[in-house]
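Structure, rendered in structure tokens:
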């Protein structure tokens with residue numbers, strides 16, 4: 029009888045140790061990570077976002093970039109590039125409203141422009157980007173999240189959570205195991221296997237309307253630094269007309 033009780037006590041102690049050291053679930057990690065960004069009511073109240081930024085490419089070549097988002101699933105990316113390798117000042121727009129999308133490239137010297145409508149896979153990819161970039165780590169609509177284990181990221185122990193989006197985008201986010209802040213994340217599209225996998229690292233802290241955003245984002249392609257984006261202004265819930273995301277009239 030004493031032996032039985034002894035083994036029972038040992039089993040309980042071992043179970044307590046395992047419970048204490050067990051990794052949290054994906055849902056628990058996400059909840060803690062969202063707490064670091066801002067109050068839940070503020071995160072849920074976000075209807076639109078605007079990021080105005082300076083993009084710095086290799087060779088310290090700079091360009092102006094702006095990304096606008098509006099629920100549901102509207103995304104518009106604008107870039108004014110006067111310092112590209114071709115030497116031709118260029119305006120680039122990539123936009124979608126959730127139903128259709130397009131890319132537009134304008135030669136600012138000649139005013140010639142090229143407009144290409146999105147194929148279905150491009151539209152799905154841009155819808156996925158909307159939810160990945162504005163969801164504040166939430167589970168994507170029609171997608172899933174899963175805890176995939178602990179990893180080392182920038183010298184830190186991290187919990188890695190894989191996000192699968194409805195259109196095929198996959199984002200592997202690495203959260204600091206102590207603070208639950210985002211350390212880095214990797215992005216690729218399962219339906220576009222030729223696309224090079226990206227790694228994104230964030231730095232700094234810019235607080236707008238009680239929500240924390242990174243000041244600087246560095247993008248790595250194939251393990252090499254590709255470009256950096258420095259956010260100069262962030263707007264939350266500004267009034268963006270739907271026309272900003274519509275297919276351009278001929």
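In this note's numbering, the protein residues as written are 29 to 278. All residues carry an ideal CB built from backbone N, CA and C; glycine is no exception. Here the structure is a predicted model, which is why all the values come from computation and not from measurement.
Notebook entry, point to check: So who's on the other strand from residue 244, going by DSSP bridges?
Noted result: 231, 258
| field | residue 168, buried or exposed, once every other Cβ within 10 Å from all chains shown has been counted against 16 | value | buried
| query | Thinking C-beta only, is residue 242 closer than 7 Å to residue 230? | reply | yes
Next on the checklist: Beta-carbon within less than 8 Å of residue 232's beta-carbon, same chain only, minus the 5 sequence neighbours each way: which residues are those?
Outcome noted: 242, 243, 244
From 119, 79, 192, 103, pick the residue whose C-alpha is nearest to that of residue 110; which is it? 119
message: Taking 6 Å as the limit between beta carbons, can you name the residues of its chain near residue 275, skipping five residues before and five after?
response: 128, 130
**OP:** Assign residue 164 to one of three DSSP states: helix, strand, or coil.
**Re:** coil
**Item:** Residue environment, residue 252, which counts as buried when at least 16 other CB atoms sit within 10 Å
**Value:** exposed
Review point. When DSSP labels each residue in this structure, what does residue 134 get in the three-state scheme?
Key: strand
If you draw a straight line from the C-alpha of residue 136 to the C-alpha of residue 143, how long is it? 15 Å
- Query: Cβ of residue 165 within 7 Å of Cβ of residue 61?
  - Reply: yes
Checklist line | Cα-Cα separation, residue 236 to residue 88 | finding: 28 Å
**Study point:** Residue environment, residue 55, which counts as buried when at least 16 other CB atoms sit within 10 Å
**Key:** exposed
*Skipping 5 residues on each side, what residues in its chain have a beta carbon closer than 7 Å to that of residue 177?*
188
Query raised in the report: Given residue 265, which residues of its chain have a CB within under 6 Å of its CB, disregarding the five upstream and five downstream residues?
Result: 75, 76
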